[in-house]
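Below is one structure, written out as structure tokens; the observations come after it.
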Amino acid sequence: MADSETPAGPGRAARPGGGFDEALLAALFTQSAVGLVVLDPQLRLVRANSLVEGVGTGEYTGRPFTEVFRLDDPDGSEQLMKRVLAGEGPVREHLVRGRLRRIPGDRQFLTSLYRLHGPGGPDAPALGLVVAVVDVTERERARSREAALTAVRDAVGGSLDTATTCRDFADALAPGFADLAVVEVVDDVLRGAEPPVGPMPPGTPLRRAASGRCDAVRDAVEGGNGGARGRAAGTTRHLPDRTPYALAAADLRARLVPLGPDTPWLGTDADGARAVAATGAHSLIVVPLTLRGAVLGLVSLYRCGTSEPFDEDDVSVAATAATRAALALDNARRYEREHVIASTVQRRLLPQAERQQAAVDTAHVLLPGRDSGCWFDTIALSGARTALVVGGVAGEGLQSAIAMGQLRTVIQALAGLDLEPEEVLARLKDTADRLAHERASLPPADGLHGEPLSAGCVYGVYDPFTRTCTVARAGHPAPLIVGPDGRAVPLDVPEGPGLFSADSALFAPAAVTLEEGSLLAFCTADLLTGDRAPERITRALARPGRSLQQLGDDIVYALPDDTRAAGAALLLARTGTVSDHLVATWDLADEATTPATARVLVRDRLQGWGLDEDTVDATELIVSELVTNAVRYGTPPLRLRLLLDSTLTCEVHDGSTAAPHLRHARTVDEGGRGLFIVSRLASHWGARHGPDGKVLWTEQELPDGPPDPVTPVD
66 MADSETPAGP
76 GRAARPGGGF
86 DEALLAALFT
96 QSAVGLVVLD
106 PQLRLVRANS
116 LVEGVGTGEY
126 TGRPFTEVFR
136 LDDPDGSEQL
146 MKRVLAGEGP
156 VREHLVRGRL
166 RRIPGDRQFL
176 TSLYRLHGPG
186 GPDAPALGLV
196 VAVVDVTERE
206 RARSREAALT
216 AVRDAVGGSL
226 DTATTCRDFA
236 DALAPGFADL
246 AVVEVVDDVL
256 RGAEPPVGPM
266 PPGTPLRRAA
276 SGRCDAVRDA
286 VEGGNGGARG
296 RAAGTTRHLP
306 DRTPYALAAA
316 DLRARLVPLG
326 PDTPWLGTDA
336 DGARAVAATG
346 AHSLIVVPLT
356 LRGAVLGLVS
366 LYRCGTSEPF
376 DEDDVSVAAT
386 AATRAALALD
396 NARRYEREHV
406 IASTVQRRLL
416 PQAERQQAAV
426 DTAHVLLPGR
436 DSGCWFDTIA
446 LSGARTALVV
456 GGVAGEGLQS
466 AIAMGQLRTV
476 IQALAGLDLE
486 PEEVLARLKD
496 TADRLAHERA
506 SLPPADGLHG
516 EPLSAGCVYG
526 VYDPFTRTCT
536 VARAGHPAPL
546 IVGPDGRAVP
556 LDVPEGPGLF
566 SADSALFAPA
576 AVTLEEGSLL
586 AFCTADLLTG
596 DRAPERITRA
606 LARPGRSLQQ
616 LGDDIVYALP
626 DDTRAAGAAL
636 LLARTGTVSD
646 HLVATWDLAD
656 EATTPATARV
666 LVRDRLQGWG
676 LDEDTVDATE
686 LIVSELVTNA
696 VRYGTPPLRL
706 RLLLDSTLTC
716 EVHDGSTAAP
726 HLRHARTVDE
736 GGRGLFIVSR
746 LASHWGARHG
756 PDGKVLWTEQ
766 ELPDGPPDPV
776 TPVD
């Protein structure tokens, strides 16, 4: 038997002879699909097969492994190899980065390290290492490209805010796919306007919406993408002519552009040249953000320093990512456009200025946000009373703003009828039910057909003469009240059904008597969410020496961030009374001569207030007709009251609940002209009912406004 042969035995195959080991090594080093590198105990190259391109030559024999492969982390790799040499076990599939002398660019290698045992086995000193090397550069590049697309799919499109969409897109691409990503959007598109149809007109302003970058270029890239150094997000520019940016916006094609000191077009873009030099950018991809032929913006991707240059496969990835971003950006633009329209409609439907009331100071805060259906109002009522209203239609967008405008218009009309708060809300709910029925009757193809309506409202009336505030609410929080001493005033208002709900329960009012100088806060529901929100608001209202507007600002400053994003409305009112110098009240006898007596009393008081003679004559006639009507058709007690404010109000009270009606008397009729005369002389007139009778009232505009100051009359 030859020395190289091993005798066969049970369970053991015969080992071939004839130089089997040499043949095995030759096959591994010439036919293996894996690169093999043999190192000595000093980690120097002994032998390498041909798959390790450019290494299996004699010029590298005897050189350290980390020098041959020029690894990014030579110290870490050397420590790992030494641990394998020491017998701590093999290392399989360890990814390292480096460069080969004869192949340009960074490479990525998947390495496995195996110890070569000496004649004494694992415990003997090692003869060296065998390193299996697989160049996985292309595989990792493909994985990086797929990861970039996955990041874009996961991150982009979750927000309907254009700025957030652009920022998510930039962050998804940098620093993983690019060292720097800059997203610029047509300026008008950020405001919700229609994007221009490509090619983009010259001179179209682009606004830098977002940028993402790696730490290595963080300080030097603020002027990237052709902008001046230090140009931050939010600034605008026009694309320089004869540059890749302008060409991509013109023909709507992505471009792969190498960058360097001798790049010709940088001579026409001085800011871009400075940015390229500062960041070390050497490779650029410019991709237009287009959708259905319209140009929304431009995305520019850079690789800097030692990063691998972009190739054509990267351009394809960038174009796919840009398509996804353009779709998300267009969705955000459409939402932004509808939001702008809804906000504009809401603003136009709300009071445009603070309204001066007789005995109430008011201020409001309207927080813009997603909720475009909240509203507030202050309505002057007869008898120096003031209606305070806050409500909201759930949802966002134009349809919510329209529904809000419909409800606000209805409640203004109902307030003018001098109805009690609970009756106002009952009739408002009737109107809401009709609106809901109209929406349900739309064709099934209409987008509004299946959208439910939900709304709430709180309606309060403050009477300065009795200092009472009567409140009713429909699916809405009750107002918060703080007395002049800073203590909360309890107000238990039963909650009525929401305006669009199927609940038919009755509305029940609650009344509270307030001290002069009390504060009322009517809030939309969003302001009262969160931890101890009512206590937070009442605590802010208790701060002394603050104006109503300052108190409103204090409440806003203390809100959680998500409340400000949703939008809300706040109406503040400080109660007061009517000055005795501006009111005159008389109890009248139920006699035929009472109208004449009333005329004398009115003339004397109005002259004492310094009103002009025409107003005195008209008021004298109005009072005469109202008192005559009360004497003839009413029941005692009779009372006359004059109130001087921005208008002149006359009120005649009697104990009857029967309301008069305006008639158009014929030529031969002996009566029926009283209220017709009153309606001609007064700007407004009406009747309101109470538990002890009714009041007929009129309002007259003062030609020169109220006298200032009014002299007290004894």
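Residue numbers (my numbering): 66 to 779.
Ideal Cβ placement from N, Cα and C applies to all residues, glycine included.
Proximity of residue i and residue j at Cβ, strictly below 8 Å
{"i": "residue 458", "j": "residue 469", "result": "yes"}
{"i": "residue 407", "j": "residue 337", "result": "no"}
{"i": "residue 366", "j": "residue 246", "result": "yes"}
{"i": "residue 301", "j": "residue 378", "result": "no"}
{"i": "residue 426", "j": "residue 638", "result": "yes"}
{"i": "residue 319", "j": "residue 274", "result": "no"}
{"i": "residue 616", "j": "residue 400", "result": "no"}
{"i": "residue 430", "j": "residue 681", "result": "no"}
{"i": "residue 313", "j": "residue 352", "result": "yes"}
{"i": "residue 307", "j": "residue 333", "result": "yes"}
{"i": "residue 405", "j": "residue 257", "result": "yes"}
{"i": "residue 321", "j": "residue 341", "result": "no"}
{"i": "residue 744", "j": "residue 766", "result": "no"}
{"i": "residue 564", "j": "residue 472", "result": "yes"}
{"i": "residue 140", "j": "residue 163", "result": "no"}
{"i": "residue 266", "j": "residue 359", "result": "no"}
Anticipated Cβ contact below 8 Å, residue i with residue j, distance rounded
{"i": "residue 130", "j": "residue 104", "result": "6 Å"}
{"i": "residue 507", "j": "residue 513", "result": "6 Å"}
{"i": "residue 271", "j": "residue 354", "result": "Rounded, the Cβ-Cβ distance is 10 Å, inconsistent with contact."}
{"i": "residue 486", "j": "residue 535", "result": "5 Å"}
{"i": "residue 607", "j": "residue 547", "result": "6 Å"}
{"i": "residue 641", "j": "residue 424", "result": "4 Å"}
{"i": "residue 554", "j": "residue 543", "result": "Wrong, their Cβ atoms sit about 11 Å apart, outside the cutoff."}
{"i": "residue 467", "j": "residue 493", "result": "No, residue 467 and residue 493 are not in contact; Cβ-Cβ is about 16 Å, not under 8 Å."}
{"i": "residue 712", "j": "residue 678", "result": "With a Cβ gap of about 18 Å, residue 712 and residue 678 do not count as contacting."}
{"i": "residue 587", "j": "residue 453", "result": "6 Å"}
Local conformation of residue i per DSSP, three classes
{"i": "residue 761", "result": "strand"}
{"i": "residue 296", "result": "Only weak support is given to the placement of residue 296: the predicted model assigns it a pLDDT of 48, under 50, and the value that follows is read from those uncertain coordinates. If DSSP states are grouped into helix, strand and coil, residue 296 belongs with coil."}
{"i": "residue 320", "result": "strand"}
{"i": "residue 287", "result": "Low local confidence applies: a pLDDT of 46 at residue 287 is under 50, so the model's placement there is unreliable, and no value is given."}
{"i": "residue 309", "result": "helix"}
{"i": "residue 264", "result": "coil"}
{"i": "residue 159", "result": "strand"}
{"i": "residue 766", "result": "strand"}
{"i": "residue 589", "result": "coil"}
{"i": "residue 674", "result": "coil"}
{"i": "residue 85", "result": "helix"}
{"i": "residue 192", "result": "coil"}
{"i": "residue 545", "result": "strand"}
{"i": "residue 751", "result": "strand"}
{"i": "residue 150", "result": "helix"}
{"i": "residue 353", "result": "strand"}
Per DSSP, the bridge partner or partners of residue i
{"i": "residue 440", "result": "456"}
{"i": "residue 486", "result": "Its beta-bridge partners do not exist; DSSP assigns none."}
{"i": "residue 540", "result": "BP columns for residue 540 are empty, so no partner."}
{"i": "residue 176", "result": "159, 198"}
{"i": "residue 429", "result": "636"}
{"i": "residue 524", "result": "454, 537"}
{"i": "residue 277", "result": "246"}
{"i": "residue 689", "result": "Answer by DSSP bridge pairing: none, since residue 689 is not bridged."}
{"i": "residue 574", "result": "In the DSSP output, where bridge partners are listed per residue, residue 574 has none listed."}
{"i": "residue 652", "result": "704"}
{"i": "residue 719", "result": "759"}
{"i": "residue 113", "result": "102"}
{"i": "residue 251", "result": "271"}
Residue i versus the options, residue with shortest Cα-Cα distance
{"i": "residue 356", "options": "704, 254, 320, 568", "result": "254"}
{"i": "residue 656", "options": "486, 555, 694, 682", "result": "694"}
{"i": "residue 590", "options": "575, 540, 612", "result": "540"}
{"i": "residue 347", "options": "243, 706, 194, 233", "result": "243"}
{"i": "residue 708", "options": "555, 323, 447, 584", "result": "447"}
{"i": "residue 393", "options": "672, 232, 588, 267", "result": "232"}
{"i": "residue 150", "options": "158, 162, 112, 189", "result": "189"}
{"i": "residue 421", "options": "402, 445, 438, 136", "result": "445"}
{"i": "residue 724", "options": "689, 713, 761, 741", "result": "761"}
{"i": "residue 203", "options": "197, 211, 196", "result": "211"}
{"i": "residue 489", "options": "574, 545, 510, 511", "result": "574"}
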